[in-house]
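**Q**
In full-length UniProt numbering, the protein residues as written are 1 to 412.
(1) Taking the C-alpha atoms as reference points, what is the distance between residue 30 and residue 315?
(2) For the 8 Å Cβ check, are there 3 or more pairs between the region 147-160 and the region 256-265?
(3) Between residue 400 and residue 349, what straight-line distance do the alpha-carbon atoms span, to the nearest angstrom?
(4) What ranges does the alpha helix (DSSP H) occupy inside the region 255-306, keeping only unbroken runs of at least 4 residues that lie completely in it?
(5) Using the rule of at least 16 other Cβ atoms within 10 Å of the residue's Cβ for burial, across every protein chain shown, is residue 297 buried or exposed?
(6) Ends of the beta strand (DSSP E) at residue 56?
(7) For residue 277, which residues from the same chain have a beta carbon less than 7 Å from its beta carbon, with the 5 sequence-adjacent residues on both sides left out?
(8) Go through its chain and collect everything with a Cβ distance to residue 205's Cβ below 6 Å, but skip five positions before and after it.
(9) Does DSSP put residue 180 in a helix, a strand or coil?
(10) Verify whether the separation of the beta carbon atoms of residue 265 and residue 334 is less than 9 Å.
(11) Compare the beta carbon distance of residue 156 and residue 282 with 9 Å and say whether it is the shorter of the two.
(12) Taking all protein chains shown into account, do 16 or more other C-beta atoms lie within 10 angstroms of the C-beta of residue 396, making it buried, or fewer, making it exposed?
(13) Which residue wins for smallest C-alpha separation from residue 339, given the options 403, 138 and 288?
(14) Given residue 121, which residues of its chain have a CB within under 8 Å of its CB, disregarding the five upstream and five downstream residues?
(15) Nearest by alpha-carbon distance to residue 367: which of 405, 330 and 201 is it?
(16) Residue 370 lies in the alpha helix (DSSP H); which residues open and close that run?
(17) Terminal residues of the continuous beta strand (DSSP E) containing residue 352?
(18) Cα separation between residue 27 and residue 321?
(19) Using a Cβ-Cβ cut-off of 6 Å (strictly less than) and excluding sequence neighbours within five positions of residue 233, which residues of its own chain qualify?
(20) My assumption, with CB atoms under 8 Å, is that residue 81 sits in contact with residue 305. Please give the rounded CB distance.
(21) Tell me which same chain residues have a C-beta within less than 8 Å of the C-beta of residue 25, skipping the five on either side of it?
(22) Can you give the beta carbon distance from residue 54 to residue 313, rounded, assuming they're within the 8 Å contact cut?
(23) So is residue 343 buried or exposed if we call it buried at 16+ other beta carbons inside 10 Å?
(24) Closest to residue 317 by C-alpha separation, out of 271, 330 and 355, would be which residue?
(25) Does the ligand MG have a heavy atom nearer than 8 Å to the CB of residue 306?
(26) When burial is assigned at 16 or more other CB atoms within 10 Å of the CB, is residue 325 buried or exposed?
(27) Can you give the Cα-Cα distance for residue 354 and residue 311, rounded to whole angstroms?
(28) With C-beta atoms as the reference, is residue 138 less than 9 Å away from residue 123?
(29) Identify whether residue 19 lies in helix, strand or coil by the three-state DSSP scheme.
(30) Work out the CA separation of residue 56 and residue 192 for me, nearest whole Å.
(31) Considering only residues of the same chain and omitting the five flanking positions on each side of residue 41, which have a CB-CB separation below 8 Å?
(32) Does the separation of the CB atoms of residue 360 and residue 386 fall below 9 Å?
(33) Who pairs with residue 391 in a beta bridge, going by DSSP?
(34) Along the chain, where does the beta strand (DSSP E) that runs through residue 195 open and close?
(35) Please list, in chain order, all residues of the same chain as residue 20 whose beta carbon is under 7 Å from its beta carbon, the five residues on each side excluded.
(36) Does the Cβ-Cβ distance between residue 119 and residue 141 come in under 9 Å?
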């Protein structure tokens with residue numbers, strides 16, 4: 001169970017978590033994983049200018065955690081997140097639309113994703129070379145994303161996380177777009193707003209194309225001058241787009257405000273609380289989620305349930321209250337495509353989620369209790385109370401092609 005605390009409250013024996021974000025994404029968050037050995041180690045964190053850290057209460061040494069935190073019941077990441085969001089009111093619309101089965105939508109999702117990656121790469125490289133960016137050209141792609149999400153959001157979201165693409169700069173922009181559309185649909189945005197939030201996600205990092213590579217690719221901390229340049233990328237992205245008042249407000253707000261934080265410590269404008277628009281709130285959450293759950297040159301992808309637990313530890317400070325909780329309900333604690341082990345020993349792939357029972361998704365079982373391949377069979381955990389998820393597995397270790405499992409489907 002994770003808790004975000006002020007750096008000044010760190011104590012020897014606390015276990016700090018590497019949350020998987022780069023220094024550029026959260027420059028004041030201390031992220032060197034491990035136990036703080038002594039007061040000297042704590043002092044170094046403070047002297048280096050860090051302001052916060054995320055600790056794992058389950059791994060802190062006895063006596064290092066204040067009583068109010070130590071008394072909390074130890075929970076798994078999934079249990080912690082589930083309890084945290086249980087009191088959150090449901091959205092007026094379905095969290096993940098499922099008008100068609102995931103197997104039926106997977107081929108369309110693959111085609112949409114592949115075509116969109118080519119487009120994103122084109123406009124990012126074009127911006128870097130000084131060519132104009134055509135916002136209108138992106139509208140058909142965003143419309144395809146909206147239609148796919150409307151048919152079965154889990155297919156496109158699942159494929160995005162199961163893809164074989166390595167170009168994070170491009171996949172991240174696309175993932176933020178499709179996650180923003182799914183989240184916006186969950187929140188009840190109308191069609192016009194969904195188009196705009198999709199465009200905002202697609203172009204949110206456009207300004208990074210104009211940031212020098214030595215800053216973007218810096219392995220360590222930037223100098224204050226370099227970080228000042230980096231913080232300009234939202235504004236630079238806006239300035240690259242065609243002007244004349246033709247850009248919808250929601251697109252501009254999502255681009256400009258995705259690094260703003262509820263407590264006012266974000267950039268570029270240092271907006272606080274209600275000054276942050278709905279587009280800014282949505283893009284901020286999905287931007288960090290995708291960063292956590294994506295493979296990067298310096299880290300492996302984080303499992304979704306851990307990423308959601310870390311997101312929740314930041315809720316109400318970095319993110320507008322309620323938005324993280326709603327996002328968790330939107331995509332599910334075990335998102336479509338996640339490989340899970342059941343208490344029966346069987347292993348399978350999550351094929352659908354239900355916000356009413358976030359710990360009990362639908363699972364296509366493909367391994368028997370002894371780990372042997374088994375004929376794909378669908379189990380709806382909401383209907384079989386004796387069966388539950390006990391563990392999430394990384395695809396590389398499980399040896400299961402989750403995309404193929406979802407595409408082929410299973411017998412009930």
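Note that beta-carbon positions come from the ideal geometry of N, C-alpha and C, so glycine has one too. Quick caveat, the model's predicted, so the values are computed rather than measured.
**A** If we stick to the structure as given:
(1) 17 Å
(2) no
(3) 9 Å
(4) 278-293
(5) exposed
(6) Unbroken beta strand (DSSP E) run through residue 56: 52-56.
(7) 253 and 257
(8) Excluding sequence neighbours, residue 205 sits near 173.
(9) helix
(10) It is not a contact, given that the beta carbons lie outside the stated cut-off.
(11) no
(12) exposed
(13) 403
(14) Correct list, in chain order: 167 and 170.
(15) 405
(16) No alpha helix (DSSP H) holds residue 370; DSSP gives it neither H nor E.
(17) Start and end: 347-352.
(18) 22 Å
(19) 207, 208 and 211
(20) 7 Å
(21) 288 and 291
(22) 6 Å
(23) Per the 10 Å Cβ criterion, exposed.
(24) 271
(25) Ligands displayed in this structure: none; no statement on the ligand MG is therefore possible.
(26) buried
(27) 20 Å
(28) yes
(29) DSSP places residue 19 outside both helix and strand once states are collapsed to three, so it counts as coil.
(30) 41 Å
(31) 12
(32) When the beta-carbon positions are compared, residue 360 and residue 386 stay at least 9 Å from each other.
(33) 341
(34) First-last for residue 195: 191-203, but that is the alpha helix (DSSP H), not the beta strand (DSSP E).
(35) 292, 299 and 302
(36) yes
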